[in-house]
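Participant: One structure, pasted below without further comment.
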Amino acid sequence: MSRNILVVGASGYIGSHLVPNLLNLGHHVTATGRNLKLLEKRGWGNINNLTLVELDLDIDQDLTDLFTDIDTVYFLVHGMNHGHDFIEFELDCARHFSHYLRHSDVEHVVYLGALQSQTSQSKHLSARKETGNILRNSDKCVTELRAGIIIGPGSAAFEVMQDFVYHLPVMLTPSWVTSRNSPIALRNLLYYLTELIECPPDHNLILDVAGPEQMTYRDQMVRLSKVHGKNIRVIPLKWLSPKMATYWLRFITSVPTNIARALIGGLSCDLPADGSELQRRIPQHLINYEEAIQEALAMNTEVVKSDIWGFDPDALLRWQTGYGYYPKQAGYTLKTDASCEDLWRQVQLIGGEERYFYANGLWLVREWMDAMIGGNALKRYRRDPQQLQLGDKIDSWKVISLEKNHFLSLLFGMKAPGLGRLEFTIEDCGDHRTIDIRAWWHPKGFMGLLYWFAMMPAHLFIFRGMTHALVKRCKAKIQQGNIETK
1 MSRNILVVGA SGYIGSHLVP NLLNLGHHVT ATGRNLKLLE KRGWGNINNL
51 TLVELDLDID QDLTDLFTDI DTVYFLVHGM NHGHDFIEFE LDCARHFSHY
101 LRHSDVEHVV YLGALQSQTS QSKHLSARKE TGNILRNSDK CVTELRAGII
151 IGPGSAAFEV MQDFVYHLPV MLTPSWVTSR NSPIALRNLL YYLTELIECP
201 PDHNLILDVA GPEQMTYRDQ MVRLSKVHGK NIRVIPLKWL SPKMATYWLR
251 FITSVPTNIA RALIGGLSCD LPADGSELQR RIPQHLINYE EAIQEALAMN
301 TEVVKSDIWG FDPDALLRWQ TGYGYYPKQA GYTLKTDASC EDLWRQVQLI
351 GGEERYFYAN GLWLVREWMD AMIGGNALKR YRRDPQQLQL GDKIDSWKVI
401 SLEKNHFLSL LFGMKAPGLG RLEFTIEDCG DHRTIDIRAW WHPKGFMGLL
451 YWFAMMPAHL FIFRGMTHAL VKRCKAKIQQ GNIETK
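Pasting the structure below:
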């Protein structure tokens with residue numbers, strides 16, 4: 001039976017996979033995210049039975065209309081990437097949502113939480129549990145699924161382990177690597193989630209999600225390394241605490257630091273799971289750990305099969321297993337009174353007579369470095385000196401996405417351990433405009449991370465200079481700028 005379904009947090013890892021599954025089953029879906037453009041970049045902008053809604057639960061706004069004609073809600077919001085205060089952010093969002101949920105005609109809420117431990121002091125796990133309690137206070141029928149590690153591309157915990165395997169032949173770890181969890185394949189979790197709406201309960205339920213076996217984190221990383229044809233050694237050290245381990249996460253994993261830090265806090269204890277009741281209600285074949293990894297690796301190319309990369313064949317050709325799923329990023333944003341049209345006119349000149357607007361000597365040094373290892377960065381090329389089109393080559397760059405007066409994305413073409421792009425984004429903010437220049441980098445192993453951190457000071461110096469130079473070329477005023485790195 002077709003249902004009207006609201007997916008809150010559709011731009012997240014699980015939501016981005018769940019929405020297409022629900023659409024394929026014939027349901028009408030309202031998908032929400034904090035950034036509508038991110039949802040549209042997934043190619044979701046023109047689907048008949050899909051409605052996109054920009055929703056920031058951190059803002060005090062009336063949500064009454066959001067629930068109009070909605071039968072079922074999936075609540076997939078978490079705050080791990082919000083910052084150091086993500087716990088209060090997450091709970092405030094749940095309270096705001098629950099208040100309006102109480103007064104709606106929604107029949108069933110499905111909430112994806114986290115496995116719990118009797119001994120853990122993890123703020124992340126506690127917040128996941130309390131969020132479930134807050135949703136149940138709405139007096140709606142809530143089914144809470146509590147899951148551990150999900151094996152799939154983009155799953156933060158899985159990607160952290162992937163990065164460990166690719167970056168470190170020897171791992172000195174806290175003793176938490178002997179803690180046990182019950183990893184489950186993404187495909188199995190999605191099946192549970194979609195089938196739950198076919199048999200809504202008449203009372204609240206809390207059900208564990210469990211894969212076919214309980215495993216220590218050490219065993220998971222060792223078996224993961226074997227699938228990749230590597231041989232990692234994991235050496236637990238009693239004196240190395242999870243808190244100490246978080247300090248070097250920024251340099252070892254491409255997973256956003258806030259997310260990785262929150263996850264580490266939940267690894268210090270066993271997270272037992274009994275999935276028998278959920279399996280009794282929704283029986284399915286649970287694939288084993290190695291099969292789940294193989295499926296995840298087969299799906300890795302989804303990163304570049306997207307509007308973000310313009311579905312570009314060169315990006316797909318260059319993608320390799322072992323590239324970080326999450327990109328590193330560094331950029332500079334500048335406020336100005338220049339018009340979008342004037343800024344866009346200047347951005348389109350990149351690679352021509354003005355070269356790269358600022359620090360052209362540094363650009364030339366990087367091009368010579370590329371040429372010395374067999375690259376073609378010294379070959380100058382532009383189809384037209386004034387206008388850009390999709391697919392244009394600019395020296396070693398390629399235009400993979402272009403939106404007039406707003407956005408330009410260039411595929412990085414030099415030889416380096418990873419896959420990257422350079423983006424120019426112009427936003428009209430009413431009383432001012434912003435010009436943002438930003439590099440995105442999917443590192444390949446430790447050398448990819450080393451390359452990124454070695455280049456970051458130059459990136460930030462150059463991007464700041466480029467934004468200022470573009471505004472000056474528009475003969476406009478510079479108001480304010482700021483750096484951002486992740």
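Be aware that the sequence shown starts at 1, since it is given in the UniProt record's numbering, and climbs by one per residue. All C-beta atoms, glycine included, are put in the ideal place defined by N, C-alpha and C.
Could you tell me the alpha carbon to alpha carbon distance between residue 383 and residue 394, rounded to whole angstroms?
Facilitator: Each residue's Cα considered, the two are about 8 Å apart.
Participant: If you measure between the beta carbons of residue 72 and residue 4, is that distance less than 9 Å?
Facilitator: In contact: residue 72 and residue 4 (Cβ atoms closer than 9 Å).
Participant: Going residue by residue through the UniProt domain "NAD(P)-binding" (9 to 143), where are the continuous beta strand (DSSP E) segments of at least 3 residues, counting only ones entirely within it?
Facilitator: As far as the UniProt domain "NAD(P)-binding" (9 to 143) is concerned, its whole beta strand (DSSP E) runs of at least 3 residues are 28 to 33, 50 to 54, 72 to 75 and 108 to 114.
Participant: Hey, out of 2, 427, 391 and 177, whose CA is closest to residue 70's CA?
Facilitator: Nearest of 2, 427, 391 and 177 to residue 70, Cα basis: 2.
Participant: What residue from 16, 471 and 370 has the CA that sits closest to residue 44's CA?
Facilitator: Comparing Cα-Cα distances from residue 44 to each of 16, 471 and 370, the minimum goes to 16.
Participant: Short of 6 Å in beta carbon distance, which residues of its chain neighbour residue 195, apart from the five on each side in sequence? Order them along the chain.
Facilitator: Around residue 195: 282.
Participant: Per DSSP, residue 222 forms a beta bridge with which residues?
Facilitator: Residue 222 is not bridged to any residue.
Participant: Three-state secondary structure (DSSP) at residue 346?
Facilitator: Correct three-state label for residue 346: helix.
Participant: For residue 375, which residues of its own chain have a beta-carbon under 6 Å away from its beta-carbon, when the five flanking residues on both sides are left out?
Facilitator: If we look at residue 375 and ignore the five residues flanking it on each side, its Cβ neighbours are 414 and 415.
Participant: For residue 271 and residue 148, I'd like the C-alpha separation in whole angstroms.
Facilitator: The straight-line gap from Cα to Cα measures roughly 7 Å.
Participant: Give me the residue from 103, 255, 23 and 191 with the minimum Cα distance to residue 145.
Facilitator: Per the Cα distances, 191.
Participant: My assumption, with CB atoms under 8 Å, is that residue 339 sits in contact with residue 218. Please give the rounded CB distance.
Facilitator: Residue 339 to residue 218, Cβ: 58 Å. No contact.
Participant: Pull up the CB-CB distance for residue 253 and residue 160, whole angstroms please, since I reckon it's below 8 Å.
Facilitator: 5 Å between Cβ atoms; contact.
Participant: The ligand NAD and residue 95: does the residue's C-beta get closer than 8 Å to at least one heavy atom of that ligand?
Facilitator: The ligand NAD is absent from the structure shown, which contains no ligand whatsoever.
Participant: Which residue wins for smallest C-alpha separation from residue 134, given the options 117, 119 and 102?
Facilitator: Cα-wise, what sits closest to residue 134 is 102.
Participant: Does DSSP classify residue 230 as helix, strand or coil?
Facilitator: Coil at residue 230, not helix or strand.
Participant: Flag this pair as yes or no: are the beta carbons of residue 455 and residue 356 separated by less than 9 Å?
Facilitator: No, they are not a contact pair.
Participant: Would you give the residue range spanned by the beta strand (DSSP E) that residue 424 belongs to?
Facilitator: Per DSSP, residue 424 belongs to the beta strand (DSSP E) from 418 to 428.
Participant: Under 8 Å: do the stretch 447 to 463 and the stretch 344 to 352 share three or more Cβ pairs, one atom per stretch?
Facilitator: Result no; under three Cβ-Cβ pairs closer than 8 Å.
Participant: Is it true that the CB of residue 205 sits closer than 9 Å to the CB of residue 131?
Facilitator: No, these two residues do not count as a Cβ contact at 9 Å.
Participant: Can you give the beta carbon distance from residue 286 to residue 321, rounded, assuming they're within the 8 Å contact cut?
Facilitator: Contact doesn't hold; Cβ gap of about 24 Å is too wide.
Participant: For my contact list, residue 479 and residue 333 are in at a C-beta cut-off of 8 Å; report their separation, rounded to the angstrom.
Facilitator: Not confirmed; about 11 Å, so no contact.
Participant: Within 10 Å of its beta-carbon, does residue 344 have 16 or more other beta-carbons around it, so buried, or fewer, so exposed?
Facilitator: Residue 344 comes out buried.
Participant: Are residue 419 and residue 388 close, meaning C-beta to C-beta below 9 Å?
Facilitator: No, the pair does not count as a contact, with Cβ atoms beyond the cut-off.
Participant: Looking at the strands, I want to know which residues DSSP matches up with residue 208.
Facilitator: Paired residue(s): 146.
Participant: Which residue or residues does DSSP assign as beta-bridge partners of residue 458?
Facilitator: None; residue 458 has no bridge partner.
Participant: As a quick exercise: from 363, 93 and 274, pick the residue whose alpha carbon is nearest that of residue 60.
Facilitator: The option with the nearest alpha carbon to residue 60 is 93.
Participant: Against chain D, does residue 273 count as a neighbour if the rule is that its beta carbon must be under 9 Å from one of theirs?
Facilitator: The question asks about chain D, but that chain is absent: this structure has only one protein chain.
Participant: Would the beta-carbon of residue 30 fall within 9 Å of that of residue 57?
Facilitator: Taking 9 Å as the Cβ cut-off, residue 30 and residue 57 do not qualify as a contacting pair.
Participant: So residue 256 and residue 472 are supposed to be a Cβ contact under 8 Å. How far apart are they, rounded?
Facilitator: Not quite, the Cβ-Cβ distance comes to about 34 Å (not below 8 Å), so this is no contact.
Participant: Determine, using beta carbons only, whether residue 443 and residue 324 come nearer to each other than 9 Å.
Facilitator: In contact: residue 443 and residue 324 (Cβ atoms closer than 9 Å).
Participant: Taking only the alpha-carbon atoms, compute the straight-line gap between residue 311 and residue 39 and give it to the nearest angstrom.
Facilitator: For residue 311 and residue 39, the distance between alpha carbons rounds to 16 Å.
Participant: Please state whether the Cβ-Cβ distance between residue 412 and residue 422 is less than 9 Å.
Facilitator: Against a cut-off of 9 Å, the Cβ pair of residue 422 and residue 412 comes out as a contact.
Participant: From what residue to what residue does the beta strand (DSSP E) around residue 336 run?
Facilitator: Note, residue 336: beta strand (DSSP E), 328 to 336.
Participant: Please report the distance separating the alpha-carbon of residue 304 from that of residue 210.
Facilitator: Near 30 Å, if we compare the C-alpha coordinates of residue 210 and residue 304.
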